[in-house]
Structures are given as C-alpha cells and as structure tokens.
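Student: Sharing a structure with you now.
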Amino acid sequence: MEPRGLDELKRWFDDYTNRFFGQDEYVNLHLRMKQEHTRRTCEEMFYLVGRLSLDENQMRVAEMVALLHDVGRFPQFSLYRTYNDLRSVNHGCLGVEVLDREGVLEDLAAEERLWVRTAVAHHGQKALPKGLDDRTLLFLKLIRDADKLDILRIVSDIYRRRKEDPKGFSFEMELPDESRISPQVLNAVLNGQPIEYSRLRVFNDMRLCQIGWVYDLNFAASVERFHARNYLDDLLGYLPQTPDIAEVRRRISGYIDTRLAQQP
Ligand SMILES: [Fe+2]
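Using my numbering, the first residue of the sequence shown is number 22, and each one after it goes up by one.
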C-alpha cells in the first residue's frame, strides 16, 4: 500500500459517513458518536502498534482497519435505528459489503485486502474464529482490542451521564434497565467465559458482559490500559453491590495482576 492511500481513505470515510446525516437528530447523534468512536479507535490503535514491534506497512494496515472497521454501522443505524446486530444485521459483514460495493480496497495487494476484510467482518464477533493464519489474526486481534478500549470509554461516559440525568439523556437503550443480573451471565463472567449477546436480558447483563471483555483482550498493553483507566471499579460501580459482584471484582483484579506480571 502506498502512504498516499491512507489520506484518500480518510477522505472517503468522511464523505461516505456524512451521507447518512439528515433531519433526524436522534439518528445524527448516533452517527456522530460512531464517527468520533472511529477517530478514538484509531488513537487506541496507534497506542497498540506503538507497543508492539510492527513494521511500517503493518502499522498502515492496522490504521486502515481501525478507520474502516465500523463503516457498516452507518447504513445499519440509518436503516434500522439500532446498533443491535441481533435485531438488524451483522454490522461487520455489512461493513465488508460496503467496502466491496464502493471499491475501497481495490488498490490493495490481495493479502492486504484479506487482512482488512477479515478484521472488519469479525471484529464484533463473540470470539476469534478458528483457522486464520498469524498475519491475518494479528490485525483482527488489534482491532478487537482497540475497539473494546474505546467502547469501554464510551459506555463509562454513557453510564455516568444517565446516572446524572436519567430523563434528559436520550440514547438507545437496547435492554430494560432493571436491577437484576441474569445468573448465566454472572457465572460466565465469574469463570472468564465468553457471553453470547443473545443471552443478555437486562442492562446490567450488558454492563457485566462489557467488564468481562477484559478476558478477551489479546495484548498485555490493552490490559494495561484497561487497568490504568480504572474501568473495572468504574463499571462495577453501576452494578448492585452484592457479594457476587464483590467476587467478580476479586477474580478480575487477580486476572489483571497475572496478565500484567507476565508481560516483559
Ligand atoms: Fe468499533
């Protein structure tokens, strides 16, 4: 890939995503949030590639993946008014369709196109797919971590604002905001197991699921950021302070300590 390619891609991204803005301020708010999320995910990606020994071309592909990973979110919200894939479409697959339809990846070498398409298609899946080669896997692992780090920032901000002003804050609530927690979700987080999004029943399940993402972070540098930003205490603070939640805190703290002690 030529260095020039990235600037063109950034222009394409701005043009493409701006097409979906219109009269509906609710839709505009959500689209703006995804533009901002993309910019911040690129920053998280810079941090990660800076911590790993990647060559210049790998760094460029990583930046490209960060820029393009959520293009499917724009037609998704515009058409369905939700970011819930289960109630609309798989936004990763839709993103690949957009890139193909718009000819965005045409100038890339075949293997680079594969890396980008795979990362975009699978970045939001519950777990890493099996059978990918190490180089393809690298970009998928990077975007999954960079994406999660920024989503954690967003949700922490959303939870705080909703708590401060529950009525004045209009943002899509995908699940009922009840005080209970589903036992299946609690057990999965306690045991460090991935959670199917279809299992989430109430908003607290979503919060717990997001805390459990720490187990899915691929790089110690990502766990370090999760820890430095105090996401564990921050997000747990919005859940009922029960003995079960105290146990979640204890187990995840232990996991973080172990991951950080292992890194060189
Ligand atoms: Fe994302």
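Where a beta carbon is used, it is the ideal one built from N, C-alpha and C, also for glycine. None of these values were measured; they are calculated from a predicted model.
Quick check: what's the CA-CA separation for R134 versus S203?
Tutor: 40 Å
Student: Do R228 and Y259 have their beta-carbon atoms positioned less than 9 Å apart in this structure?
Tutor: yes
Student: Any chance the CB of I172 is under 8 Å from a heavy atom of ligand 1?
Tutor: yes
Student: Is it the case that the CB of D168 approaches a heavy atom of ligand 1 more closely than 8 Å?
Tutor: Correct: D168 has its Cβ closer than 8 Å to ligand 1.
Student: Rounding to the nearest angstrom, what Cα-Cα distance links Y37 and A209 in this structure?
Tutor: 39 Å
Student: Which runs of the alpha helix (DSSP H), 4 residues or longer, sit entirely within the region 35–100?
Tutor: Counting only runs of at least 4 residues, the region 35–100 fully encloses the following alpha helix (DSSP H) elements, listed from N- to C-terminal order: 46–72, 77–89.
Student: Once the 5 residues before and after M22 are set aside, which same chain residues still bring their CB inside 8 Å of it?
Tutor: Residue confidence for M22 is low, a pLDDT of 48 falling below 50, so the modelled location carries little weight; the figure read from the coordinates is stated next. For M22, where only same-chain residues beyond five positions count, the Cβ hits under 8 Å are N78, R81, V82, M85, D128, L129, A130, E133.
Student: Excluding sequence positions up to five away, which residues of its chain have a Cβ less than 6 Å from the Cβ of L163?
Tutor: L69, A83
Student: Hey, is R108 close to ligand 1, as in C-beta under 8 Å from one of its heavy atoms?
Tutor: no
Student: Please classify N225 as buried or exposed, where buried requires at least 16 other C-beta atoms within 10 Å of its C-beta.
Tutor: buried
Student: May I have the straight-line CA-CA distance separating S274 from P261, to the nearest angstrom?
Tutor: Their Cα atoms are separated by approximately 18 Å.
Student: Am I right that H144 and P150 are in contact with their C-beta atoms under 8 Å? What's the rounded C-beta distance?
Tutor: About 11 Å separates the two Cβ atoms, so there is no contact after all.
Student: Give the DSSP-derived three-state secondary structure of F240 in the structure shown.
Tutor: coil
Student: How far does the alpha helix (DSSP H) with Y252 in it extend, from its first residue to its last?
Tutor: 252–257
Student: By a C-beta neighbour count over all protein chains shown, 10 Å radius and 16 as the cutoff for buried, is D171 buried or exposed?
Tutor: When all chains shown are included, D171 counts as buried.
Student: Closer than 8 Å to a non-hydrogen atom of ligand 1 - does that hold for the CB of D237?
Tutor: no
Student: State buried or exposed for L166, treating a residue as buried only when at least 16 other CB atoms are found within 10 Å of its CB.
Tutor: A small fix is needed here, since residue 166 is Asp in this sequence, not Leu. Under this definition D166 is a buried residue.
Student: Quick check on the burial criterion: 16 or more other C-beta atoms within 10 angstroms. Buried or exposed for P197?
Tutor: Exposed, because fewer than 16 other Cβ atoms sit within 10 Å of the Cβ of P197.
Student: Measuring alpha carbon to alpha carbon, tell me which of L126, Q146, P264, V176 ends up nearest L88.
Tutor: Cα-wise, what sits closest to L88 is L126.
Student: Is the separation between the beta-carbon of K55 and that of F95 shorter than 9 Å?
Tutor: yes
Student: Can you tell me whether K147 is helix, strand or coil according to DSSP?
Tutor: In this structure, K147 counts as coil in the three-state DSSP scheme.
Student: Would you check whether ligand 1 has a heavy atom nearer than 8 Å to the C-beta of T59?
Tutor: yes
Student: Exposed or buried, what is A267 when buried is set at 16 or more other beta-carbons lying within 10 Å of its beta-carbon?
Tutor: Flag for A267 reads exposed.
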